[in-house]
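Counting from 64, one number per residue, gives the positions in the sequence shown under the working numbering. This report refers to the structure that appears directly beneath it.
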Amino acid sequence: MLVRWTAVLLLLLLVPCQSEAADAWVVVIVGGPEIVVPVASVTDEGVPLVDAAALAGALDLTIVPASGYMLVRDGRGGEWRAVDGSSSLNEVAGAGGSIPSFVRIRDAALHLPLSTIARLAHKQLLLDPVGRAYLLPGPSTAADRHSETAPPGWESFTVEKTLAEKQEAERLDESPGQVPRPELREVLPARHESMQVQLGVGSAAGADWAGEIDATGTIGGYRTSGLLFATVGAQGVEYRNATLLVQPSKQAWALQTGDLLSEARGIGRGVRFSWGLNSRWHQRVSMERSRDEFASPAGVASYGAELAVSSAVMAAGETASDGSLFLKGRYGQGSATLDGFWRRGGARGVT
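Here it is as structure tokens:
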């Protein structure tokens with residue numbers, strides 16, 4: 064049933080509350096500033112992948128673009144070479160070896176896991192599951208502890224303890240009343256959860272009413288977002304669009320219900336489970352029913368997948384139990400993107 068609208072007046076009422084953006088993290092540099100950085104993605108270990116340039120200035124890091132790679136230099140003179148798609152930062156000079164790390168370069172921006180950036184800056188990394196990261200001063204070395212300048216004419220030296228002396232020192236350190244306390248608790252208290260809600264109300268003069276609710280936030284440690292759009296008229300209340308998405312903070316999987324978009328079958332209503340969101344191989348399974356009144360009322364099961372073959376090539380596909388099939392390929396280089404797809408509709412055999 065189509066609702067005819069002659070003139071619609073929308074009034075958006077914003078309920079102010081504290082919110083947490085799912086695509087940005089707050090990086091707290093202990094002894095330094097707090098920096099909000101956009102997150103490109105999250106690794107399988109739950110470590111955010113961010114633009115290293117956003118933190119370079121505060122961490123005494125230098126990033127120099129070069130032909131086919133980017134050069135990273137720390138404050139101690141160490142240098143590494145970063146190549147897009149590589150699994151490590153390769154040592155160039157005085158770096159003490161290569162650093163295993165996922166490397167992504169997009170639009171002249173170097174994206175690295177926060178754990179890699181912490182290692183480059185000689186910091187310790189602590190992650191708060193609700194979108195905050197802490198960079199603590201790294202452990203001091205023997206060279207740092209004995210770097211005082213000796214008086215003129217004197218020479219500084221270090222006498223190593225014997226094994227027995229070291230064992231005795233460890234025994235004394237573990238004695239009652241001398242419990243070591245960490246500089247910062249590694250198990251951080253959970254922050255107050257929040258939900259941002261937008262309400263919309265509309266009416267056509269002498270005709271129907273419409274309402275919309277859009278909510279985004281965190282519930283029980285899970286990122287949650289929902290949308291509901293309904294109309295009220297002569298036919299009563301009709302739900303035009305409704306969807307709910309739930310996923311953990313690491314974004315390894317997602318559960319979605321309500322109105323779903325299928326590239327093979329169009330819009331339907333049902334439930335979908337997706338996994339592998341942090342890797343190059345994304346997969347999903349769905350059970351849905353078409354919203355088309357002329358389509359079969361029976362439910363349809365479908366499976367879809369997306370594979371990032373390389374930084375420039377992507378392949379995707381979807382197949383359903385009613386015979387629907389969708390194939391897609393994409394090639395991107397710089398700001399140019401080329402897409403190609405093929406689709407076969409199961410109900411009508413449309414290709």
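All C-beta atoms in this analysis are idealised placements derived from N, C-alpha and C, irrespective of residue type, glycine included.
Would DSSP call residue i helix, strand or coil?
i: residue 234; result: helix
i: residue 229; result: helix
i: residue 182; result: helix
i: residue 307; result: strand
i: residue 124; result: coil
i: residue 288; result: strand
i: residue 151; result: strand
i: residue 94; result: coil
i: residue 405; result: strand
i: residue 169; result: strand
i: residue 266; result: strand
i: residue 65; result: Because residue 65 carries a pLDDT of 34, less than 50, the predicted location of this residue cannot be relied on, and no value is offered for it.
i: residue 86; result: coil
i: residue 192; result: coil
i: residue 110; result: coil
i: residue 260; result: strand
Note the first and the last residue of the continuous alpha helix (DSSP H) segment covering residue i.
i: residue 119; result: 116–119
In the DSSP assignment, find the beta strand (DSSP E) that holds residue i and state where it starts and stops.
i: residue 349; result: 344–353
i: residue 173; result: 172–176
i: residue 101; result: 97–105
i: residue 321; result: 316–325
i: residue 369; result: 363–371
i: residue 277; result: 272–282
i: residue 8; result: Here the chain has residues from 64 to 414 only, and residue 8 is not among them.
i: residue 381; result: 376–383
i: residue 415; result: This structure leaves residue 415 out entirely; the chain is present only between 64 and 414.
i: residue 297; result: First-last for residue 297: undefined, no H or E at that position.
i: residue 53; result: No answer is possible for residue 53: the residues shown for the chain start at 64 and end at 414.
i: residue 135; result: 132–136
i: residue 195; result: 195–200
Taking 6 Å as the cut-off, is the C-beta of residue i nearer than that to any heavy atom in the ligand PLP?
i: residue 104; result: As presented, the structure is devoid of all ligands, the ligand PLP included, so that no description of it is given.
Would you mind sorting residue i into buried or exposed? The rule is 16 or more other CB atoms within 10 Å of its CB.
i: residue 399; result: exposed
i: residue 280; result: buried
i: residue 137; result: buried
i: residue 302; result: exposed
i: residue 282; result: exposed
i: residue 49; result: Lying outside 64 to 414, the shown extent of the chain, residue 49 is not represented and no answer is given.
i: residue 88; result: buried
i: residue 183; result: buried
i: residue 107; result: exposed
i: residue 135; result: buried
i: residue 170; result: exposed
i: residue 181; result: buried
i: residue 376; result: exposed
i: residue 404; result: exposed
i: residue 363; result: buried
i: residue 343; result: exposed
i: residue 179; result: buried
i: residue 228; result: exposed
i: residue 186; result: buried
i: residue 223; result: exposed
i: residue 233; result: exposed
i: residue 354; result: exposed
i: residue 333; result: buried
i: residue 351; result: buried
i: residue 130; result: exposed
Would you mind giving the Cβ-Cβ distance between residue i and residue j, rounded to the nearest angstrom? I have them listed as a contact below 8 Å.
i: residue 188; j: residue 173; result: So it is not a contact: roughly 18 Å between Cβ atoms.
i: residue 382; j: residue 366; result: 6 Å
i: residue 117; j: residue 126; result: Between residue 126 and residue 117 the Cβ distance is about 10 Å, and since that is not below 8 Å, they are no contact.
i: residue 387; j: residue 407; result: 7 Å
i: residue 337; j: residue 317; result: 5 Å
i: residue 114; j: residue 101; result: 7 Å
i: residue 98; j: residue 110; result: Wrong, their Cβ atoms sit about 16 Å apart, outside the cutoff.
i: residue 4; j: residue 305; result: The question about residue 4 has no answer here: the residues shown for the chain are numbered 64 through 414.
i: residue 373; j: residue 148; result: 7 Å
i: residue 289; j: residue 307; result: 5 Å
Stretch pair the stretch 139–147 + the stretch 90–104: three plus CB contacts closer than 8 Å: Segments in contact, no.
Inter-stretch contact at 8 Å, needing at least 3 Cβ pairs: the stretch 313–320 / the stretch 293–302: When C-beta atoms of the stretch 313–320 are compared with those of the stretch 293–302, fewer than three pairs fall below 8 Å, so the two segments do not count as touching.
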